[in-house]
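Residue numbers (this note's numbering): 8 to 200.
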């Protein structure tokens with residue numbers, strides 16, 4: 008095989024993989040990462056309430072979980088969400104500019120090499136088929152990895168999160184007998200004055 012075909016074959020593979028990984032990340036991976044984070048938060052809350060409050064009755068545990076979830080729902084994170092959306096758009100724009108530039112450079116190199124070395128038609132067919140087969144295998148591998156491994160991987164240490172929750176609760180505690188609104192819908196049992 009001519010060295011020019013070998014070199015261009017590598018370049019085409021790099022371009023196809025860069026394009027695939029960019030599309031994959033901003034579609035499937037982005038959706039699954041959001042789902043993974045939500046699942047991890049639910050896991051940590053369930054683990055925290057289930058293990059830290061073992062002697063507490065199940066109904067009370069469920070009330071506590073509901074209170075924690077409603078506390079998250081009540082938070083106004085619209086400014087933070089806007090900031091994240093703006094930052095993500097900027098990252099996406101940079102990624103697409105990079106991939107477009109890379110693909111343009113690769114296309115120019117392929118055309119120059121093809122004209123300079125007067126490749127026959129079967130070389131172009133070989134390059135296309137080789138890139139397509141590699142793309143199929145990488146797509147299958149990435150998708151299976153996302154569904155089977157990444158989805159079940161706990162990236163956050165539940166114990167560190169529990170300690171942060173305990174520290175936050177400890178620093179934000181109030182006397183429920185004097186301020187019943189601080190514990191939500193749960194009724195405090197207070198000593199008589």
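Idealized CB from N, CA, C, for every residue including glycine. These numbers come from a predicted model, not from an experiment.
Quiz item: Out of curiosity, what's the CA-to-CA distance linking residue 37 and residue 106?
Solution: By one-based count along the chain shown, residue 37 stands at place 30. By one-based count along the chain shown, residue 106 stands at place 99. So the alpha carbons of these two residues sit roughly 18 Å apart.
Practice problem: Assuming residue 137 and residue 16 form a contact by the criterion Cβ under 8 Å, report the distance between their Cβ atoms to the nearest whole angstrom. | Solution: Indexing the chain shown from 1 puts residue 137 at position 130. Indexing the chain shown from 1 puts residue 16 at position 9. Confirmed, Cβ separation roughly 6 Å.
Quiz prompt | Selected residue, minimal CA-CA separation from residue 150, among 128, 28, 14 and 9 | solution = Translated into positions along the chain shown, residue 150 becomes position 143. For residue 150, the nearest C-alpha among the options comes from 28.
Quiz item: If we ignore side chains and look at the alpha-carbon of each, how far apart do residue 71 and residue 62 end up?
Solution: For the purposes of this step, residue 71 is taken as residue 64 along the chain shown, with counting starting at 1. For the purposes of this step, residue 62 is taken as residue 55 along the chain shown, with counting starting at 1. Rounded to the nearest angstrom, the two C-alpha atoms are 14 Å apart.
Practice problem: Measure from the alpha carbon of residue 23 to the alpha carbon of each residue in 108, 86 and 74, then state which is nearest. | Solution: In the chain shown, counting from the first residue as 1, residue 23 sits at position 16. When only C-alpha atoms are compared, the closest one is 108.
Quiz item: By Cβ distance below 7 Å, which residues in the same chain neighbour residue 9 in space, the five residues on each side in sequence not counted?
Solution: The residue labelled residue 9 in the question sits at position 2 within the chain shown. Closer than 7 Å at Cβ, skipping near neighbours: 124.
Quiz item: Excluding the five sequence neighbours on either side, which residues of its own chain have a C-beta within less than 6 Å of the C-beta of residue 25, listed in chain order?
Solution: If you number the chain shown from 1, residue 25 lands on position 18. Excluding positions up to five away in sequence, the list reads 106 and 109.
Quiz item: Could you check where the alpha helix (DSSP H) with residue 102 kicks off and where it finishes?
Solution: On the chain shown, position 95 is the one that residue 102 refers to. 85-123 is the span of the alpha helix (DSSP H), which, as asked, contains residue 102.
Quiz prompt | Length of the line joining the Cα atoms of residue 207 and residue 20 | solution = An answer regarding residue 207 cannot be provided, because it is not within the stretch 8 to 200 covered by the chain.
Quiz item: Does the Cβ-Cβ distance between residue 48 and residue 157 come in under 8 Å?
Solution: As a working mapping, residue 48 is identified with position 41 in the chain shown. As a working mapping, residue 157 is identified with position 150 in the chain shown. Their beta carbons are not under 8 Å apart, which means residue 48 does not touch residue 157 by this criterion.
Practice problem: Drop a sphere of 10 angstroms on the beta-carbon of residue 152, count the other beta-carbons inside from all chains shown, and report buried for 16 or more, exposed for fewer. | Solution: Residue mapping note: residue 152 aligns to position 145 of the chain shown, counting from 1. With fewer than 16 Cβ atoms within 10 Å of its Cβ, residue 152 is classed as exposed.
Quiz item: If residue 130 and residue 12 are in contact, beta carbons under 8 Å, what's the gap, nearest whole angstrom?
Solution: To locate residue 130, count along the chain shown from 1; it is residue 123. To locate residue 12, count along the chain shown from 1; it is residue 5. Residue 130 to residue 12, Cβ: 6 Å. Contact.
Practice problem: Decide if residue 139 is buried, meaning its Cβ has at least 16 other Cβ atoms within 10 Å, or exposed. | Solution: Here the question's residue 139 lines up with position 132 in the chain shown. Answer is exposed; the Cβ neighbour count stays below 16.
Quiz item: Taking the alpha-carbon positions, what's the residue 98 to residue 90 distance?
Solution: For the purposes of this step, residue 98 is taken as the residue at position 91 of the chain shown. For the purposes of this step, residue 90 is taken as the residue at position 83 of the chain shown. Approximately 12 Å between the Cα atoms of the pair.
Exercise. Assign residue 14 to buried or exposed, taking buried as 16 or more other Cβ atoms, counted over all protein chains shown, within 10 Å of its Cβ.
Key: As a first step, residue 14 must be located in the chain shown, where it is residue number 7. Classification for residue 14: exposed.
Practice problem: Look at the alpha carbon of residue 102 and the alpha carbon of residue 46, and state the distance between them as a whole number of angstroms. | Solution: Taking the first residue of the chain shown as 1, we reach residue 102 at position 95. Taking the first residue of the chain shown as 1, we reach residue 46 at position 39. Whole-angstrom Cα-Cα distance: 27 Å.
Quiz item: Roughly how many whole angstroms lie between the Cα atoms of residue 171 and residue 196?
Solution: Here residue 171 refers to the residue found at position 164 of the chain shown. Here residue 196 refers to the residue found at position 189 of the chain shown. Answer to the nearest angstrom: the Cα atoms are 27 Å apart.
Quiz item: Residues in its own chain within less than 7 Å of residue 145 by CB, not counting five upstream and five downstream?
Solution: Here residue 145 refers to the residue found at position 138 when the chain shown is read from its first residue. Closer than 7 Å at Cβ, skipping near neighbours: 24 and 27.
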